[in-house]
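Chemist:
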Amino acid sequence: MEKSIGSLREAKETCPDEAVLARYIAGAMAPWEKDRLEEHASSCAACLENIRAAHTAESMLAGGGLADTPVKLREKAKGLAKMDTGKKRMQSYIWLAATIMAFTLSFTAPKYFAQFLVAALILGLKWVSESEGIRTLIISMDAKHRHEHEKEVSSRWKR
Amino acid sequence: MDRNDHPEELVLGCINKDRKSWDAFVERYSKVVYWAIRDRLRRYGYDHSEEDINDIHQDVFVALWAGGKLSQLRDPGKVAGWLAMVAGNAAIEYFRRARRQSPPSSVSLYEQICKDDDGRTLEEVLPSGADGPDRQAQLNEARAELASAIEGLNPKERMVAGMSLLHGMKHAEIAAALELPVNTVSTTVARAKKNLKEKLEKKRLL
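Residue numbers (this note's numbering), protein chains in the order written: chain A, 32 to 190; chain B, -17 to 188.
(1) Can you round the beta-carbon distance between A84(A) and A62(B) to whole angstroms, since I take them to be within the 8 Å contact cut?
(2) Pick out whichever of M67(B), A126(B), A119(B) and E33(B) has its Cα sitting closest to the Cα of D21(B).
(3) Would a check of beta-carbon distances place H39(B) closer than 9 Å to chain A?
(4) On the criterion of 16 or more Cβ atoms from any shown chain inside 10 Å, does E(-10)(B) qualify as buried, or is it exposed?
(5) Considering D41(B), what are the terminal residues of the alpha helix (DSSP H) in which it resides?
(6) Could you check whether the stretch 70 to 83 of chain B touches the stretch 29 to 44 of chain B, counting it as contact only if at least three pairs of C-beta atoms, one from each stretch, sit closer than 8 Å?
(7) Is it buried or exposed, Q69(A), if we count other Cβ atoms within 10 angstroms and call 16 or more buried?
(8) Thinking C-alpha only, which one of A76(A), S73(A) and I82(A) is nearest E49(A)?
(9) With 9 Å set as the bound, which would you pick, yes or no: does the beta-carbon of M121(A) sit closer than that to a beta-carbon of chain B?
(10) So does the stretch 130 to 143 of chain B actually touch the stretch 55 to 73 of chain A, counting three or more Cβ pairs closer than 8 Å?
(11) Indicate whether K65(A) and V8(B) have their beta-carbon atoms separated by less than 9 Å.
(12) Cβ atoms of G144(B) and A77(A): under 9 Å apart, would you say?
(13) Helix, strand or coil for Y26(B)? Go by DSSP, reduced to three states.
(14) Which of the three DSSP states, helix, strand or coil, is assigned to N(-2)(B)?
(15) Which word fits A45(B), buried or exposed, when buried means at least 16 other C-beta atoms lie within 10 angstroms of its C-beta?
(16) Taking CB distances under 9 Å as the criterion, tell me whether R25(B) reaches chain A.
(17) How many Å lie between M132(A) and L111(A) at the Cα?
(18) From this set, R79(B), P163(B) and Q54(B), which residue's C-alpha is nearest L52(A)'s C-alpha?
(19) Can you tell which of K13(B), P58(B) and N71(B) has its C-alpha closest to the C-alpha of L104(A)?
(20) For P137(B), go through chain A and note every residue whose CB falls closer than 7 Å to its CB, in chain order.
(21) May I ask which residues mark the beginning and end of the alpha helix (DSSP H) holding H(-12)(B)?
(22) Use the C-beta contact count for V15(B): other C-beta atoms within 10 angstroms, 16 or more gives buried, fewer gives exposed.
(23) Buried or exposed for D99(A), please, with buried defined as at least 16 other CB atoms from any protein chain shown within 10 angstroms of its CB.
(24) Whose C-beta lies closer than 6 Å to the C-beta of W64(B) among residues of the same chain, with five residues either side of it excluded?
(25) Could you spell out the range, first to last residue, of the alpha helix (DSSP H) harbouring Y55(A)?
(26) Hey, would you say S146(B) sits closer than 9 Å to V164(B), going by beta carbons?
(27) Take H153(B) and list the residues in its own chain whose beta-carbon comes closer than 8 Å to its own, dropping the five residues that flank it on each side.
(28) Report the residue from N177(B), K175(B) and R81(B) whose alpha carbon sits nearest the alpha carbon of Y28(B).
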């Protein structure tokens, strides 16, 4: 029972990533690579689902069958690029420098240790919130980490 | 024609952090991401809100802009299909991380084979007579038979059968995807269905 059900695999680390599947869909694979992918995908529900979604999306976009996303969502996504401007970055460095200064002063002026420490904490929080939205920052780090991990998996798939 | 009309130029511009390209990219492909998220959540039966979709949508664009995900794309001409896969997988990942919910078993998707024919679920088409644990054992046996019947096909046939029976793709769509004649696809699907039914009937599971 386990064996048979296991033959219809769920997504695993051994699954090809989206870029590999996109090459398959585009017909850009060597015959041996294509055979290997089909051998895997034919028993993998997650990969088949990805292939189906990719085909459907391509044809729906080409046929104008996709509804527009709410404006608010699009603006939020566009806003990601605005966060990355030099001015914004400079501002965040100023808050960081002020945080470090307040933290250093808390030790060099023991009389005002607590006051400077609190100031460092407030300035630090300001630095985090100014540099990028906290959630975005966490997601960015997570995305970068996953990207590295996916590169590893992708290179394993090619071997 | 504006240079941003070419997906290749658009993707390259985004990788090089060009804001104008990014705005045009979001404008053009946000709908693909949005559709793919909704589609995957619906197909996998996740109970979701509009807020979940919005969060996943933003997660995808953060991964594209800040996470360097776009540089993975090797054929920018096919960006829409690639994005649909990225967005669908992000939706699964979101539910795994935020709700500790895993995708449904592929076996339950698989049972739609019976639904296709009769409009009833596998559980409904099983002959009555057994109850409780016996019925569960019978259902497990039927599921195992379904899986092993599919295993008996060669990889190409398995893909055709899977795309048609599991994922509901039309024969013409499968033919285009796998570069096969539509007739071959139709024959393969019919043969796979017949094999599955025969196997289940032989075991007196249908």
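Ideal Cβ positions, reconstructed from N, Cα and C, are used throughout, including at glycine.
Modeler: Judging by the given coordinates:
(1) Counting from one through the first sequence, the residue named residue 84(A) turns up at place 53. Counting from one through the second sequence, the residue named residue 62(B) turns up at place 80. At roughly 10 Å, the Cβ-Cβ gap does not stay under 8 Å, so A84(A) and A62(B) are not in contact.
(2) If you number the second sequence from 1, residue 21(B) lands on position 39. Cα-wise, what sits closest to D21(B) is M67(B).
(3) For this step, residue 39(B) is matched to residue 57 along the second sequence. Output row for H39(B): interface = yes.
(4) Counting from one through the second sequence, the residue named residue -10(B) turns up at place 8. Exposed, since its Cβ has fewer than 16 Cβ neighbours within 10 Å.
(5) To locate residue 41(B), count along the second sequence from 1; it is residue 59. Run containing D41(B): E32 to W47, per the alpha helix (DSSP H) assignment.
(6) yes
(7) To locate residue 69(A), count along the first sequence from 1; it is residue 38. The sequence as given places Glu at residue 69(A); Gln does not occur at that position. Buried, since its Cβ has 16 or more Cβ neighbours within 10 Å.
(8) Here residue 49(A) corresponds to residue number 18 of the first sequence, with the count starting at 1. If we check each option's Cα against that of E49(A), I82(A) comes out closest.
(9) By one-based count along the first sequence, residue 121(A) stands at place 90. With 9 Å as the cut-off, M121(A) does not count as an interface residue toward chain B.
(10) In the pairwise beta carbon analysis, the stretch 130 to 143 of chain B is classified as touching the stretch 55 to 73 of chain A: at least three pairs are separated by under 8 Å.
(11) Numbered from 1 along the first sequence, position 34 holds the residue referred to as residue 65(A). Numbered from 1 along the second sequence, position 26 holds the residue referred to as residue 8(B). Not a contact, by the Cβ cut-off of 9 Å.
(12) As a position in the first sequence, residue 77(A) is number 46, starting the count at 1. As a position in the second sequence, residue 144(B) is number 162, starting the count at 1. Result no, Cβ atoms of A77(A) and G144(B) do not sit closer than 9 Å.
(13) The sequence position of residue 26(B) within the second sequence is 44, counting from 1. Note: Y26(B) maps to coil in three-state DSSP.
(14) The sequence position of residue -2(B) within the second sequence is 16, counting from 1. The answer is coil: DSSP assigns N(-2)(B) none of H, G, I, E or B.
(15) Taking the second sequence and counting its residues from 1, one reaches residue 45(B) at position 63. A45(B) should be labelled buried.
(16) As a working mapping, residue 25(B) is identified with position 43 in the second sequence. Taking Cβ atoms only, chain A reaches closer than 9 Å to R25(B), which makes this a yes.
(17) Locating residue 132(A) in the first sequence gives position 101, where the first residue counts as 1. Locating residue 111(A) in the first sequence gives position 80, where the first residue counts as 1. Spanning the two alpha carbons is a distance of roughly 30 Å.
(18) Residue mapping note: residue 52(A) aligns to position 21 of the first sequence, counting from 1. Nearest C-alpha to L52(A): Q54(B).
(19) By one-based count along the first sequence, residue 104(A) stands at place 73. If we check each option's Cα against that of L104(A), K13(B) comes out closest.
(20) Indexing the second sequence from 1 puts residue 137(B) at position 155. Within 7 Å Cβ-Cβ: E69, E70 and S73.
(21) Position 6 of the second sequence holds residue -12(B). Counting along the chain, H(-12)(B) falls outside any alpha helix (DSSP H), and DSSP gives it neither H nor E.
(22) Counting from 1 along the second sequence, the entry for residue 15(B) is found at position 33. Its Cβ being crowded by 16 or more others within 10 Å, V15(B) is buried.
(23) Residue numbering aside, residue 99(A) sits at position 68 when the first sequence is read from its first letter. That one is exposed.
(24) Start at 1 with the first residue of the second sequence, and residue 64(B) comes out as number 82. Counting only residues of its own chain and dropping the five nearest sequence neighbours on each side, W64(B) has a CB closer than 6 Å to the CB of L55.
(25) One-based indexing of the first sequence puts residue 55(A) at position 24. First-last of the alpha helix (DSSP H) with Y55(A): E49 to I56.
(26) The residue you call residue 146(B) lines up with position 164 of the second sequence. The residue you call residue 164(B) lines up with position 182 of the second sequence. Result no, Cβ atoms of S146(B) and V164(B) do not sit closer than 9 Å.
(27) Stepping through the second sequence from its first residue, residue 153(B) is reached at position 171. Its chain contains S146, V164, V167, S168 and V171 as the residues whose beta carbon lies nearer than 8 Å to that of H153(B), once the 5 sequence neighbours on both sides are disregarded; these appear in chain order.
(28) On the second sequence, position 46 is the one that residue 28(B) refers to. The residue with the shortest Cα to Cα distance from Y28(B) is R81(B).
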